[in-house]
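Heads up, the thing below is written out as structure tokens.
Protein chains: 2
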Amino acid sequence: MENNKFEVTPYEVTGKVDYERLEKQFGIMPIDDALVERIEKLAGASNFMLRRRIFFAHRDLDWLLDEYEKGNKFYVYTGIAPSNQMTIAQLIPFTFAKWLQDRLDVEVYIQIPDEEKALARDIDFDTAHALGYAAALDIAALGFDSKKTKIFLDTEYAGVLYKQAVRVAKYITFSMVKDAFGFTNKNNIGSIFYTSMQAAPAFLKSVEEGHNVPCLIPLGVDQDVHFRLSRDALAKLGYYKPAIIHSKFLPGLSGAPKMSAHNASDTIYLSDTPEVIEKKVMSALTGQQATAELQRKYGGDPEKCVVCQYYKFFFEPDDAKLKAIFDGERNGTLLAGEHKKDLAKRIIEFVENHNRMKEKIKDRLDDFMVRG
Amino acid sequence: MENNKFEVTPYEVTGKVDYERLEKQFGIMPIDDALVERIEKLAGASNFMLRRRIFFAHRDLDWLLDEYEKGNKFYVYTGIAPSNQMTIAQLIPFTFAKWLQDRLDVEVYIQIPDEEKALARDIDFDTAHALGYAAALDIAALGFDSKKTKIFLDTEYAGVLYKQAVRVAKYITFSMVKDAFGFTNKNNIGSIFYTSMQAAPAFLKSVEEGHNVPCLIPLGVDQDVHFRLSRDALAKLGYYKPAIIHSKFLPGLSGAPKMSAHNASDTIYLSDTPEVIEKKVMSALTGQQATAELQRKYGGDPEKCVVCQYYKFFFEPDDAKLKAIFDGERNGTLLAGEHKKDLAKRIIEFVENHNRMKEKIKDRLDDFMVRG
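Protein chains in written order, with the numbering used here: chain A, 1 to 372; chain B, 1001 to 1372.
The structure is reproduced here in structure tokens:
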């Protein structure tokens, strides 16, 4: 049935991703209605990213909720490896983490591995560090509670992380990393070691508390491989395996399977000006016909339409309104120009509000940061 | 001419080590009389480890002394990866570092990589950490000046070291580590990364000062491989390549080419009791004939005699007295029993004095430790 080719690694996503096949390939479980309902019940609210399966798969989420119901509260761990200004796509796990914090009163640990991209790409460490701080501010500005949120950069928190990372590293061989990431003997030893630094925050709270604390990691599904490697190591160390909840990829403006922080014309950065955002959105791929006339006649395909997808992933939480947009695209009443202008307006509004939040919070960013 | 087989790696030393061949193999320079004289002149004193070529080879020592003469003072960096109680053999680089500090007023950085052996061997991290602190006390008790000495354990100083280690790691591939250490794909990623942690203190003072500071590393020649890997990386980062001065191996009591911290009966630990030391020394290999009668008649070979070698390496700094011991062994006037008893007395005296120093200093060990 399926014959399209796609590849999902932490370094690259190519082809049209078939998420059902990916579930089988990665050995992760689909999120079904019952699971969504269970979370909604505990949270006392519905979350559009769950309803729409932007978060579509998981590991051990049932177990995590069992523990929660028994009074064994989890903490949330997520992160971002900065290689450029932060993109709107990169907000997804953080937005979801904030929702979890608001609804379930959980602590959130946010790792910013400012060494990772400097090791893996042609970015120098100082630049990556500065980008890490820019990301920290973008994340804090989403409205996390500073009393329940720790943000840390690896080069500033290695005093805490390295000690735990080496314990994980002892159980991970080069063979395992080679298979998992497609590394060769030419990869540098920092990149090879890195996955154990990413593993450390998944049991750090258990170390701090002196007893096991469940952990939930919301992440883009391309990052799952890190924990395929380290979950077993954590179990060997006597810690819970972290539960994971996986998100789909927000496409690039041109329809690329995953918005890349490195392709400026395909990507909306939180640092983009309104003019730039408008220009970029006006260039976005839609699922529409070649002309307005044809579009009115035949209608378009919301699944192929980047504009529709941005609404779905992020900018239209209201299902009825989203349906109206999708219907308009499908039945030809919504034309590309208007469609894009509306989205541009929405994104500009979001970014302007985000900038106001950043301005407001920037002097107390240190309330979120931990070092050591 | 030479047909004996030997191998020197940081993990194992086998066979009778031919140091001249090792110099060629490693690409290190012999220490000649002119260099010893030059150091003695600067130091205003002679050092028996240099005179006797216990420190026998180097990298860039001429350059280091040129810089020193120009007023560009160096610092000393050495260390020990604890896997057991500290042995008398392991004191060699520290004793030399202390001499340099006393004579040339230099700072000394001492790394105790308490993760290294836990990654490489079947030792748990907590045990390695405790052994690291035991080693720190043994080292501080040698009489270092706490104002000019920094001792650090990797798991407690990773906040400083990791940030520098990843910069080195970017330039070191798995291929390079594989060739240098004989690693395979089965080695764990912590061990693979480790060499960059060992590289960090070699330019740490330059980072701290904001300008290049020459560094001298006294080490057992088996550790040279770490810096063969990282010296080039340091140059690429814009730092001086560290100068290195290499020591020979103190043999095990049974005549093993290198005293091993893992073979208790072959090794004298600083923690051994006088009774244990006496018993161990009495079992030591000498270069003597099978019976007292034969020894009186034919004499023995001081080069093969472990007892003579212990005097030479550590316990008899006075050349005239050492000559008398060697002569006695050679001409048959010094019999094994007396020979060993004398050495045992000397070692017991040393260890008892060392224990007194430890007792005296233990409450101010923190003056030496840096964390971060």
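Here a beta-carbon is modelled for each residue, glycine too, at the ideal position from N, C-alpha and C.
Would you say residue 1203/B reaches chain A, if we count a Cβ-Cβ gap shorter than 9 Å as a contact?
-> no
Between residue 1184/B and residue 368/A, is the Cβ-Cβ spacing less than 9 Å?
-> no
Anticipated Cβ contact below 8 Å, residue 1243/B with residue 1216/B, distance rounded = 5 Å
Classify residue 1294/B as buried or exposed, calling it buried when 16 or more other Cβ atoms lie within 10 Å of its own Cβ.
-> exposed
Hey, which unbroken runs of the alpha helix (DSSP H) at 4 residues or more fall wholly within the segment 1005-1087 of chain B?
-> 1019-1026, 1033-1043, 1048-1051 and 1061-1069
Backbone CA spacing between residue 355/A and residue 349/A [nearest angstrom] | 10 Å
Specify, as a first and last residue, the run of the alpha helix (DSSP H) that residue 1308/B falls within.
-> 1306-1310
Residue 1/A to residue 23/A, Cα distance in whole Å?
-> Caution is warranted here: a pLDDT of 43 is assigned to residue 1/A, below 50, making its placement in the model unreliable, and no coordinate value can be reported.
How many Å lie between residue 1254/B and residue 1283/B at the Cα?
-> 8 Å
Would you decide whether residue 1025/B is buried or exposed? Buried here means 16 or more other CB atoms lie within 10 Å of its CB.
-> exposed
Per DSSP, what kind of secondary structure is residue 1370/B in: helix, strand or coil?
-> coil
At a CB-CB cut-off below 9 Å, which residues of chain C make contact with residue 1119/B?
-> Note that chain C does not occur in the displayed structure, where the protein chains are A and B.
In chain order, which alpha helix (DSSP H) runs of at least 4 residues are fully inside the segment 161-229 of chain A?
-> 174-181, 189-199 and 201-209
Listed in chain order, which residues of the segment 1177-1188 of chain B have Cβ atoms closer than 9 Å to some Cβ of chain A?
-> 1177, 1178, 1183, 1184, 1185, 1186, 1187 and 1188
Taking Cβ positions only, does residue 1002/B come closer than 9 Å to chain A?
-> Any reading at residue 1002/B is ruled out, since the residue's pLDDT is 48, under 50, leaving its predicted position unreliable.
Nearest residue (CA-CA) to residue 1080/B, options 1152/B, 1098/B, 1163/B and 1032/B | 1152/B
Neighbour-count burial assignment, residue 359/A, 16 or more Cβ in a 10 Å radius = exposed
Verify the contact flag: residue 1119/B, CB atom, against every heavy atom of the ligand NAD, threshold strictly below 8 Å.
-> Summarising the ligand content, the structure contains no ligands, and the ligand NAD is consequently not present.
Residue 1160/B at chain A interface by Cβ criterion, 9 Å | yes
What residues in its chain sit with their C-beta under 6 Å from that of residue 94/A, if we drop five residues either side in the sequence?
-> 139 and 142
Among 1209/B, 1086/B, 1288/B and 1122/B, which has the Cα closest to the Cα of residue 1133/B?
-> 1086/B
Candidates 249/A, 203/A and 250/A: closest to residue 233/A by CA position = 203/A
Thinking C-beta only, is residue 1062/B closer than 9 Å to residue 1035/B?
-> yes
Cα-Cα separation between residue 311/A and residue 129/A, rounded to whole angstroms = 32 Å
Using 8 Å as the threshold, is the segment 64-84 of chain A in touch with the segment 103-121 of chain A, meaning 3 or more CB pairs across them?
-> yes
Would residue 1069/B count as contacting chain A if we go by Cβ distances under 9 Å?
-> no
Would you tell me roughly how many angstroms separate the C-alpha atoms of residue 1363/B and residue 273/A, rounded to the nearest one?
-> 60 Å
Among residues of its own chain, excluding the 5 on either side of residue 1053/B, which ones have a beta-carbon nearer than 7 Å to its beta-carbon?
-> 1031
Compute the Euclidean distance between the alpha carbons of residue 1077/B and residue 1108/B, then round it to the nearest angstrom.
-> 6 Å
Taking a cut of 8 Å between CB atoms, which residues from the segment 1237-1252 of chain B lie near chain A?
-> none
How would you call residue 211/A, buried or exposed, if buried means at least 16 neighbouring beta carbons within 10 angstroms?
-> exposed
Terminal residues of the continuous beta strand (DSSP E) containing residue 1152/B?
-> 1149-1153
Residue 168/A and residue 196/A closer than 9 Å at C-beta = yes
For residue 1090/B, which residues does DSSP report across the bridge?
-> Paired residues: none, contrary to the question.
To the nearest angstrom, report how far apart residue 966/B and residue 1144/B are at their CA atoms.
-> The requested residue 966/B does not occur in the structure, where chain B is confined to residues 1001 to 1372.
Contact list for the segment 1112-1140 of chain B against chain A, Cβ threshold 8 Å = 1115, 1118, 1119 and 1125
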